[in-house]
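**Q** Counting in the numbering used here, the sequence shown runs without a single skipped number right up to 774 at its last residue. Yeah, the Cβ is synthetic: ideal placement off N, Cα and C, and Gly gets one too.
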Amino acid sequence: MSTTHAHTNRLAHETSPYLLQHAHNPVDWYAWSDEAFAKARAEDKPIFLSIGYSTCHWCHVMEHESFENTEIAAVLNEHFVCIKVDREQRPDVDATYMEAVTLLTGAGGWPLSAFLTPDGRPFYGGTYFPPEPRYGRPGFKQILTAIAEAWQSQRGQLLESADKITAHLDQASDSKEGTLDKGLLDRAFSTLVRIYDPTNAGFGGAPKFPQPTQLSFLLNHYYQTGETQALDMVTHTLDVMAKAGMYDHLGGGFHRYATDVKWLVPHFEKMLYDQALISRVYLDAYKITGKTEYSRIVSETLDYVLRDLRDPGGAFYAAEDADSEGHEGLFYVWTPAQIQQSLSDDQARVFMAYYGVTKSGNYEQGQSILNVTEAMDTVAKQLDLSVPQAEVWLKEAQAKLFDARVKRVRPHRDTKIITAWNGLFISSLARAGSALERPDYVLAAKTAAKELLARLEVDGRVMRSLAAGQVSGPGFLDDYAFLIAGCLDLYESTFETTWLEQANRLAGRMVTLFDDPANAGFYLAGNDVETLLTRGHKPEYDGAVPSGNSMAAVCLARLARLTGNVALTEKAESTFKFLASRMQASPIGLTTGACGLAFWILPGTEIVLASQLDDPNLRLMQQALHRAYLPNTVTLWHPSSPQALAIEALVPMVKSMKEVDGKATVYLCENFACKQPVTSPEQFSAMLETLSKARNKRP
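Spelled out as structure tokens, the structure:
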């Protein structure tokens, strides 16, 4: 049945799921385009710029309250040229105007609402505005009227504000370099200790974000120093998150963040990048502790993405929304009656006791968010059951309720394929597949990487995203850096030389497109795309994902160590110096860069395996290698000829590293000193065991 809409605007011709959500607003929306700016100049109107993303709750609220309101739309259409931007497709536009609004108001977020001159200079802004004054915020209609009047009667003041903000944006992009100093790592650790929540885990108060880049840094710091407090902070946080409402106990995967200090009530959206980054922390913690609970969380999280966010071609969708049927979290919450309808009495009582489901509920209208409230042995004792019997009934209940949940109306799924986020997930799949001996994960990672290179690289240029079969435009620094990281992790998981070749090729393109030839650091946007207010934005700080400069530095450092390429070495060094100057000011704002700095300046290890492809000891050595947590290690495989030609062309130094007596042989160099080669898997495992211990705990 066809649907008739009262309004249709230009966004109906876009491919972004977020822009399409606004295609039937009465607002006369434009996408970010020359056409919109030309109209603003021709009609001498200010621009209203609205930036959001498809799974943003308050973006939906503002759309419903204001952009679907015909009275407000009439004011917008009469006095402004209105531009709608998907921040996930245009992170450069988002970063530029987010910085401007933060300078204007002291805060930022989404939806981002900015008012611009016809040439794009911002003079006023904010985030969510209610339609009428509320929550201590001015009403949107009130703001629109005031700005429209000021544009006519006080334009000089608005233009003066625009000039000042634009000047600030130019100044904000300095490229000074800092000193590569281990003290930066110690300062980051001490700062995280200071803000850690020892009662509830995680950092700071509500809302509670998982902060996977900071947790990864703490695991790295434990490895480098043996500081057990770093490990304890991570395991405490992972244990709490795995039991809390942040985790989807039926379907796997993590929600975006918790709204309360106890991690119970999440904001229910699920993002691809969270699944990638959080699962990696659990995997690394599993390698360090051997705790099988962590490997279970890894598998369930990756399985969720493979099941629910996978494109038919093998790449991965961006996100799932928090809302369904107009209510946040409705897809995920339960009442006792809903549970009892699907389960036997025994299954229901075990399930409700374990997950804290009660008649009064812990959410809205008697609904319960699943969270583990008691240990299984405690539940079994309370119900006068054996632990094995309780576990069987719980597992049966989980399967039945998952099947029941599948029949519910699902939250909206953003089917946009974003190169950067796919790169992150490829890394996590490859690492987990090799560590957990899940060849299906490695195969999925390879399939996704091939899909990206086939569909999202056009004429040698990586593109940002794919939606409705169309690419959105040139990729950004993070698209290149995260995809390079995925290729590197695929190489070290499979030892297929093609992935190292791809990483090396993409790194060369990244430097060409994003490098600042006069100063250190990389720009967010390439030198082949439009310049906004300034090209000067260089992503420095980690947010929900690692910063582009941090990941670029890490990838260049890994490639430099793997290949011995002098140019890559010099570029990695200068990028770390660029990041170091920022670490001085914000020790915990660049924890991905801090992990990279530890890799770069602290003792490292290079391992080369030389063997025939079918040597049974090669697999044993690979298994031992992939099970170990070795953040400062790079690995290469030197196969017997003719397979050796490709890796020898890329890494000439491996030519001399050959099998000894026809046996698989390991060459290990640590801190610029090489050890005697070994041919026994047992000897190699012993070497790895020593390497994988925290440094101050080694014999």
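So A543 packs on T90, CB below 8 Å; how close in whole Å?
**A** For this step, residue 543 is matched to residue 468 along the sequence shown. For this step, residue 90 is matched to residue 15 along the sequence shown. Contact holds; Cβ gap of about 4 Å.
**Q** Tell me whether V776 is buried or exposed, calling it buried when 16 or more other Cβ atoms sit within 10 Å of its Cβ.
**A** Here the chain covers residues 76 to 774 and nothing more, so residue 776 does not appear.
**Q** Which whole-angstrom value describes the C-beta separation of V741 and F759, a residue pair presumed to lie in contact below a C-beta threshold of 8 Å?
**A** Your numbering for residue 741 matches position 666 in the sequence shown. Your numbering for residue 759 matches position 684 in the sequence shown. That belief holds up - the Cβ atoms of V741 and F759 are roughly 5 Å apart, short of 8 Å.
**Q** My understanding is that E403 touches F343, with C-beta atoms under 8 Å, so please give their C-beta distance in whole angstroms.
**A** Within the sequence shown, residue 403 is the residue found at index 328, counting from 1. Within the sequence shown, residue 343 is the residue found at index 268, counting from 1. Rounded, the Cβ-Cβ distance is 6 Å, consistent with contact.
**Q** Determine which residues share a DSSP beta bridge with E745 and list them.
**A** Position 670 of the sequence shown, counted from the start, is the residue given in the question as residue 745. For E745, which the question treats as bridged, DSSP gives the partners T680, A748.
**Q** Taking three-plus beta-carbon pairs below 8 Å as touching, is the region 375-383 in contact with the region 421-438?
**A** No, because fewer than three Cβ pairs between the region 375-383 and the region 421-438 fall closer than 8 Å, the two stretches do not touch.
**Q** Using the three-state DSSP reduction, which class does D736 fall into: helix, strand or coil?
**A** In the sequence shown, counting from the first residue as 1, residue 736 sits at position 661. If DSSP states are grouped into helix, strand and coil, D736 belongs with coil.
**Q** Going by the DSSP bridge assignment, what does Y361 pair with across the sheet?
**A** Taking the sequence shown and counting its residues from 1, one reaches residue 361 at position 286. In DSSP, Y361 forms no bridge with anything.
**Q** By DSSP, does V726 sit in helix, in strand, or in coil?
**A** Reading the sequence shown from its first residue, position 651 is the one you call residue 726. Coil at V726, not helix or strand.
**Q** How would you write the range of the beta strand (DSSP E) that L267 sits in, first residue to last?
**A** Residue 267 sits at position 192 when you count from the first residue of the sequence shown. Run containing L267: none in the beta strand (DSSP E); it sits in the alpha helix (DSSP H), 258-270.
**Q** In terms of residues, what are the limits of the alpha helix (DSSP H) holding G623?
**A** Start at 1 with the first residue of the sequence shown, and residue 623 comes out as number 548. Here the alpha helix (DSSP H) through G623 covers 623-638.
**Q** Counting only the same chain and skipping the five closest in sequence on each side, list residues whose C-beta sits under 6 Å from that of K733.
**A** The residue given as residue 733 occupies position 658 in the sequence shown. Contacts found: A685.
**Q** Around the Cβ of T145, are there at least 16 other Cβ atoms within 10 angstroms (buried) or fewer (exposed)?
**A** Within the sequence shown, residue 145 is the residue found at index 70, counting from 1. Looking at its Cβ environment, which holds fewer than 16 other Cβ atoms inside 10 Å, T145 is exposed.
**Q** Do I218 and V340 have their C-beta atoms closer together than 8 Å?
**A** Taking the sequence shown and counting its residues from 1, one reaches residue 218 at position 143. Taking the sequence shown and counting its residues from 1, one reaches residue 340 at position 265. Taking 8 Å as the Cβ cut-off, I218 and V340 do not qualify as a contacting pair.
**Q** Can you list, in chain order, the residues of its chain whose CB lies under 7 Å from that of F653, leaving out five sequence neighbours each side?
**A** Taking the sequence shown and counting its residues from 1, one reaches residue 653 at position 578. Closer than 7 Å at Cβ, skipping near neighbours: S250, E252, A595, G596, N624.
**Q** Going by the beta-carbon positions, is the gap between P287 and L352 smaller than 8 Å?
**A** Here residue 287 refers to the residue found at position 212 when the sequence shown is read from its first residue. Here residue 352 refers to the residue found at position 277 when the sequence shown is read from its first residue. Yes, the Cβ-Cβ distance between P287 and L352 is below 8 Å.
**Q** With DSSP as the reference, identify every bridge partner of W409, one or two as the case may be.
**A** As a working mapping, residue 409 is identified with position 334 in the sequence shown. S443.
**Q** Pull the bridge partners of H713 from the DSSP assignment, please.
**A** The residue given as residue 713 occupies position 638 in the sequence shown. DSSP output for H713 lists A685 as bridge partner(s).
**Q** Whole angstroms is fine: what's the gap from A647's alpha carbon to I493's?
**A** As a working mapping, residue 647 is identified with position 572 in the sequence shown. As a working mapping, residue 493 is identified with position 418 in the sequence shown. Taking the straight line from one Cα to the other gives about 25 Å.
**Q** Which term fits S419, buried or exposed, when burial requires 16 or more other beta carbons within 10 angstroms of its beta carbon?
**A** As a first step, residue 419 is located in the sequence shown; it is residue number 344 there, counting from the start. Label assigned to S419: exposed.
**Q** Using C-beta distances below 7 Å, list every residue in its chain close to I676, excluding the 5 sequence neighbours before and after it, in chain order.
**A** Counting from one through the sequence shown, the residue named residue 676 turns up at place 601. Cβ neighbours of I676 beyond the five flanking positions: L255, K257.
**Q** Going by the beta-carbon positions, is the gap between T376 and G320 smaller than 8 Å?
**A** By 1-based counting over the sequence shown, the position of residue 376 is 301. By 1-based counting over the sequence shown, the position of residue 320 is 245. Not closer than 8 Å, so no.
**Q** Straight-line CA distance for M76 to G280?
**A** On the sequence shown, position 1 is the one that residue 76 refers to. On the sequence shown, position 205 is the one that residue 280 refers to. Since pLDDT at M76 reaches only 41, below the 50 mark, its modelled position is unreliable, and no value is offered.
**Q** Let me know the secondary structure DSSP gives L124 once reduced to three states.
**A** As a working mapping, residue 124 is identified with position 49 in the sequence shown. Here L124 sits in strand by DSSP.
**Q** Hey, how far is the Cα of Y297 from the Cα of D307?
**A** In the sequence shown, the residue the question calls residue 297 occupies position 222. In the sequence shown, the residue the question calls residue 307 occupies position 232. Looking at the two C-alpha atoms, the distance is approximately 9 Å.
**Q** Where does I53 fall in DSSP's three states?
**A** As shown, the chain starts at 76 and ends at 774. That puts residue 53 outside it, with no answer to give.
**Q** Rounded to whole angstroms, what's the CA-CA distance from A87 to G535? Just pull it up for me.
**A** Within the sequence shown, the letter at position 12 stands for residue 87. Within the sequence shown, the letter at position 460 stands for residue 535. Those two C-alpha atoms are separated by around 30 Å.
**Q** Excluding five sequence neighbours on each side, which residues of the same chain lie with their C-beta closer than 6 Å to the C-beta of S264?
**A** What you label residue 264 is simply residue 189 of the sequence shown in a count that begins at 1. The question names Ser, yet the displayed sequence has Phe at residue 264. Excluding sequence neighbours, F264 sits near H296.
**Q** DSSP on L187, reduced to helix/strand/coil?
**A** Translated into the one-based positions of the sequence shown, residue 187 becomes position 112. Three-state result, L187: strand.
**Q** Hey, L325 and Q473: beta-carbon distance below 8 Å or not?
**A** Position 250 of the sequence shown, counting from 1, holds the residue named residue 325. Position 398 of the sequence shown, counting from 1, holds the residue named residue 473. In contact: L325 and Q473 (Cβ atoms closer than 8 Å).
**Q** Return the first residue and the last residue of the beta strand (DSSP E) that A578 is part of.
**A** On the sequence shown, residue 578 is found 503 positions in, with the first residue counted as 1. Careful: A578 lies outside any beta strand (DSSP E), inside the alpha helix (DSSP H) at 572-589.
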